[in-house]
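Single-structure report; data block below.
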Amino acid sequence: MSRKKEAEAQLSEADTSQVQNLVSHYKQIAEDLHTSTNRAEAEEAIGVLSALAESGQIAFLKMLAKTNDSAAADVALAINALSPHKEARKEA
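The structure is reproduced here in structure tokens:
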């Protein structure tokens, strides 16, 4: 099984609901990113995403990818630049 499929399989029901909740609020995260003036503020804006396990971040990005919106692209770019998880950065 590939690493990505293993990560999806390890996502619990609670994590899945948390990821779905975060996806529903991605526009607020993007707005926080737009108003940030430095790296620390940008990291704080995606802090709730950084707190997710790597598998949760990947699941978030997969759900976010289904959204055709510049705000979603901004959030994905921030994850790519600021996430501590290598696989999540690669997915972004």
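With positions in the sequence shown counted from 1, the corresponding number in our numbering is that position plus 254.
Glycine is no exception: its CB is placed at the ideal position from the N, C-alpha and C atoms.
If the five residues before and after Ser-290 are omitted, its C-beta is found closer than 7 Å to the C-beta atoms of Ala-296, Ala-299, all from its own chain and listed in chain order.
By alpha-carbon distance to Ala-342, the top candidate from Asp-328, Leu-303, Ala-326 is Leu-303. Non-local C-beta neighbours of Val-273 in its own chain, meaning closer than 6 Å and more than five positions away in sequence, comprise Gly-310, Ala-313, Phe-314, ordered along the chain. Short of 8 Å from the beta carbon of Arg-293, and not among the five residues preceding or following it, lie these beta carbons of its own chain, in chain order: Leu-336.
Here the alpha carbons of Ser-271 and Glu-285 stand approximately 22 Å from one another. Secondary structure at Lys-340: helix, using DSSP grouped into helix, strand and coil. Contact between Leu-287 and Ala-332 holds: their C-beta atoms lie close to 5 Å from each other, under 8 Å. Listed in chain order, the alpha helix (DSSP H) elements of length 4 or more contained wholly in the segment 290-335 are 293-299, 301-304, 308-319.
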